[in-house]
Amino acid sequence: MSEIRKQMAQQASQFPEAFWGEAAQAIDWSKPWDKVLNSTNDHDYQWFVGASLNTCYNAVDRHVINGRGEQAAIHYDSPVTQTKQTISYLELQQEVSRIAGGLKQLGVEKGDTVVIYMPMIPQTLYAMLGCARIGAIHSVVFGGFAANELATRIDDAKPKAILSASCGVEGNKILAYKPLLDDAIAQASHKVQHCVIYQRPQQQAELLIGRDVDWQALVEQAPQADCVDVAATDPLYILYTSGTTGSPKGVVRDNGGHAVALAWSMKHIYDIDAGDVFWAASDVGWVVGHSYIAYGPLLAGATTIVYEGKPVGTPDAGAFWRVIQEYQVKSFFTAPTAIRAIKREDPQASLLSLEQLASLKVLFLAGERCDPDTLNWASDTLKVPVIDHWWQTETGWPIAANMMGTDPMPIKPGSPCLAIPGYQVEVLDESGQPVAANETGSVVIKLPLPPGTLTGLWNNPQRYQAGYLARYPGCYLSGDAGYIDEDGYLYIMSRIDDIINVAGHRLSTGRFEEVLCQHPSVAEAAVIGVHDPLKGQLPVGLVVLKQGETIAQSSLYEQLIQLVRSEIGAVASFKKVSVIERLPKTRSGKILRGTMKKIADNQAYKMPATIEDASTLELVESTLSHLGYGK
1 MSEIRKQMAQ QASQFPEAFW GEAAQAIDWS KPWDKVLNST NDHDYQWFVG
51 ASLNTCYNAV DRHVINGRGE QAAIHYDSPV TQTKQTISYL ELQQEVSRIA
101 GGLKQLGVEK GDTVVIYMPM IPQTLYAMLG CARIGAIHSV VFGGFAANEL
151 ATRIDDAKPK AILSASCGVE GNKILAYKPL LDDAIAQASH KVQHCVIYQR
201 PQQQAELLIG RDVDWQALVE QAPQADCVDV AATDPLYILY TSGTTGSPKG
251 VVRDNGGHAV ALAWSMKHIY DIDAGDVFWA ASDVGWVVGH SYIAYGPLLA
301 GATTIVYEGK PVGTPDAGAF WRVIQEYQVK SFFTAPTAIR AIKREDPQAS
351 LLSLEQLASL KVLFLAGERC DPDTLNWASD TLKVPVIDHW WQTETGWPIA
401 ANMMGTDPMP IKPGSPCLAI PGYQVEVLDE SGQPVAANET GSVVIKLPLP
451 PGTLTGLWNN PQRYQAGYLA RYPGCYLSGD AGYIDEDGYL YIMSRIDDII
501 NVAGHRLSTG RFEEVLCQHP SVAEAAVIGV HDPLKGQLPV GLVVLKQGET
551 IAQSSLYEQL IQLVRSEIGA VASFKKVSVI ERLPKTRSGK ILRGTMKKIA
601 DNQAYKMPAT IEDASTLELV ESTLSHLGYG K
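Under full-length UniProt numbering, the first residue of the sequence shown is numbered 1, with each subsequent residue one higher.
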C-alpha cells in the first residue's frame, strides 16, 4: 500500500468525522451539520445530522449560478432511434424545474414517493432530479419490467404518482410500456392517483381519463419549482434489488451522505473534474445508473452520457468506441459482460482504431467479477488502464477500487485493488474469525459504513437486520466470498451461495470460470455446483465460444477439463462441461447461476424478474439435460 493510500485509510477509520467533514466541503449546504457522524452503536448511526441541503441544487442549479450554464450536462445518444441531443446545465435546470412544478400541481410534496418507469432518455433524469428538487423520494423501476414485478414495487413504495413513457426501444423492437403499467396498477393493492406519460414518437400510448396526464401538456403549463431543503438524513431514493426470498428489497439512500460520497468518488476514484466527460454505459434502473449517470457526474459539474443502445448490435461491436470518440469521453465505466460481448463479436478489435480513444484515460469495470482474461484483452486492445472495481446496490459507490484520481496503484488482474478509505473490509471464517492472507471466506465491512451507503430497507428494519447485520455482529455482510492477499489486495470470487463444496473442499465458481476463460476459444463461462450423493457437490461448466470458433467440441472439452485439473487440481473433480450458445443473465449482466443450479438439481424455480432473455433458460435446460442433469 502506498503512503498516500495508507494515510487516507487511517484517517478515514480513526478520524471519520474529520475525513468526511473535509469531503463535505465539496457540497453546498443550506444549513451545516451539528455532527458529522452520530453513532450510538454499530448498528445505529447517521451522517451529517442536523444539516440540510438539496441534491438537485447541488447537481444542477449551483453550476448555472457558478457560470457553467452553457456547458453540456447531458449528451443523449440513441442509436436505436437515430436520435442525438445535447442538454446544457441551464436547459437541464429549466426542464427539471418544470417537471418538478408539474408534480407539485399533482399534489406531490416533500416526503411523498414517486415511481419512475422509463427508458434511457433524458426525461428519465429530469424525473429523478425533479423529485429530488421538491423533496419527493423516487423509486426507479427498470423500463419494461414485468407487470407483476412492477406491482410488488408499487405496493411496497406506495407512490403518489408514477412517471412513465409510452414505450422503450430495445434493438429493433418497440416495447409498449403503458399496457404493462396498466396491468401492474390493476394488480397492485395500492391505487396510484396520477400517471404522467411521456409520449415517444415511436409509439403513442392511450391515456386513461382522470388518472393519466400527458407529460408535455403538464410541463408546458406548470410553473417552475424551486429547490426544497431536506434534512441530510432524509431519503433521496428507494432502489429495489432482488432478494433471496424472491420479494424485492428497497434499499434506501439518504441525501447528504450520498452527495458527499459521490462527489468524493468522482474526483478520487474516477479522476473526473468539472467540465470532463464521464460515461457509465448502464441503465438508470440499476444502481450504476443512479450513482454514475444521474447523480455523480452532475454533482461534480461534469458531462454525463445517456446512451440508449447496446455494446453490440446497435449497430455493431464498435458502438462504444464511436461514442467515446464523438463525445471525447475521459473516463468510461461498463460491465465485464459488455466487454466479453464485444470480444466475442470482434475478437481482433477490427472495428476499433486507437485514434477513436485519444480522449480516453481509463476504463472501469464493475457489476460482476471481471476474470483476468477479459481485463487483459481490454487492456491490450484499448491501451489504457483497465480498472476492475467492486461495489453493490446497497453501498451505492465503490467499496474497493484503484483510486485513479489520487493514487493509482499497480493493477493485479482478478482484483479490484484495495478497500477505499472509509470501508474497513475483512474476510472472516464461519466462526467470525479473520482468515489468513489468500484464504477464502466471507467478505464483510466493519460498521459504521461510510456516507452514501444504505441507511436501511424501506419499511423493513427486521429484514435489514437479519440479512446484513445479524450474521457477524459489528459488521455488514456483503454476501460475497473472497480473500485478501499479502499486499492487501481484495479478490471477490463469487457470491457466498456460489461456493461449491466438493467432498469438504470449498471452491469458488469464480476461480473455475477464470481458468476456463484462459482457453483461447472461450468467450465466457459459467460454473455451478450440482448435487452429488457421494461428494456433496460437483462443478459443471457451460462455456460460450468466440464468434467463428470451429474447434471440435470433444477436443475442447478434453482441453478444458485438463486445464482445470492443472490449475485447480484433481480435488476439483471437474469432469463435465458443455458449449452453450448464450448464458442466462440479468439486464445488468450478472449470470444467473442460482437459477441454473436449480435447473440442474431439478428444483422448482421462479423466473427471475431481471432476466434479459427468458429463452436462455431453455438453452440451459437442454444443455444440462445432455449432461445428465435436470429433468
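Virtual Cβ for every residue (Gly too), placed ideally from N, Cα, C.
A distance of 8 Å or more separates the beta carbons of Thr-113 and Ile-74. For Gln-328, the closest alpha carbon among the candidates Ala-349, Lys-361, Leu-351 and Pro-347 is that of Lys-361. Counting every other CB atom within 10 Å of its CB across the protein chains shown gives Thr-395 a total of 16 or more, marking it as buried. For the pair Ile-116 and Lys-585, the Cα-to-Cα distance works out to about 23 Å.
Per DSSP, Pro-235 is one residue of the beta strand (DSSP E) stretching across 235–241. In the DSSP secondary-structure assignment, Ala-176 is bridged to Cys-167. The continuous stretches of beta strand (DSSP E) do not include Ser-555, which lies in the alpha helix (DSSP H) extending over residues 553–567.
Cβ-Cβ distances below 7 Å link Ile-484 to Val-427, Ala-437 and Leu-490 in the same chain, with the five nearest sequence neighbours on each side left out; the list follows chain order.
Within the segment 426–465, the complete alpha helix (DSSP H) segments of 4 residues or longer fall at 461–464, listed in chain order. A Cβ-Cβ separation of about 13 Å leaves Val-502 out of contact with Pro-533 under the 8 Å criterion. In this structure, the CA atom of Asp-271 is about 6 Å from the CA atom of Met-404. Leaving aside the five residues that flank Gly-21 on each side, the residues in its chain whose CB is nearer than 7 Å to its CB run, in chain order, Val-36. When the alpha-carbon of Asp-212 is set against those of Cys-131, Phe-145, Thr-241 and Leu-103, the nearest one is in Leu-103.
The beta carbon of Glu-70 sits closer than 6 Å to the beta carbons of Ser-88 from its chain, once the five residues preceding and following it are set aside; these are given in chain order.
The beta carbons of Leu-619 and Arg-582 sit closer together than 8 Å.
In this structure, Gln-224 lies near Gly-101, with their beta-carbon atoms less than 8 Å apart.
The alpha carbon of Lys-310 has as its nearest neighbour, out of Gly-301, Thr-337 and Ser-52, the alpha carbon of Thr-337.
Here Cys-517 is not near Asp-380, since their CB atoms are 8 Å or more apart. In this structure, the beta-carbon distance from Val-543 to Val-515 does not fall below 8 Å. In this structure the segment 288–302 lies against the segment 50–66, because at least three pairs of beta carbons, one per stretch, are closer than 8 Å. For Leu-507, the enclosing beta strand (DSSP E) stretches over residues 505–508. Taking the Cβ atoms as the reference, Ala-335 lies roughly 17 Å from Glu-308, outside the contact range of under 8 Å. Judged by DSSP secondary structure, Gln-105 falls within the alpha helix (DSSP H) whose first and last residues are 89–105. Taken through DSSP and simplified to helix, strand or coil, Cys-370 comes out as coil. Closest option to Thr-81, judged by alpha-carbon separation, among Leu-592, Arg-463, Gln-465 and Ile-174: Ile-174. Burial is judged here by how many other beta carbons sit within 10 angstroms of a residue's own beta carbon; Asp-44 has fewer than 16 and is exposed. The beta carbons of Ile-420 and Ala-259 sit no closer together than 8 Å. In the same chain as Phe-512, and ignoring 5 residues on each side of it, the C-beta atoms closer than 6 Å to its own belong to Val-527 and Pro-539, in chain order. Ranked by Cα distance from Ile-305, the first of Met-120, Gln-105, Gly-529 and Ala-552 is Met-120. Spatial neighbours of Gln-93 in its own chain (CB-CB distance under 8 Å, excluding positions within 5 residues in sequence) are listed in chain order as Val-60, Asp-61, Val-64 and Gly-69.
Per the C-alpha coordinates, the member of His-519, Arg-495, Gly-536 and Pro-448 positioned closest to Glu-558 is His-519. For the pair Lys-110 and Ser-52, the Cα-to-Cα distance works out to about 13 Å. The segment 593–602 makes no contact with the segment 545–553: fewer than 3 CB pairs, one atom from each, lie closer than 8 Å. Residue Asn-41 holds the alpha-carbon nearest to the alpha-carbon of Leu-469 among Asn-41, Val-435 and Lys-178. The alpha carbon of Trp-47 has as its nearest neighbour, out of Gly-482, Val-277, Thr-595 and Gly-257, the alpha carbon of Gly-257. Rounded to whole angstroms, Gln-202 and Asn-172 show a C-alpha spacing of 11 Å.
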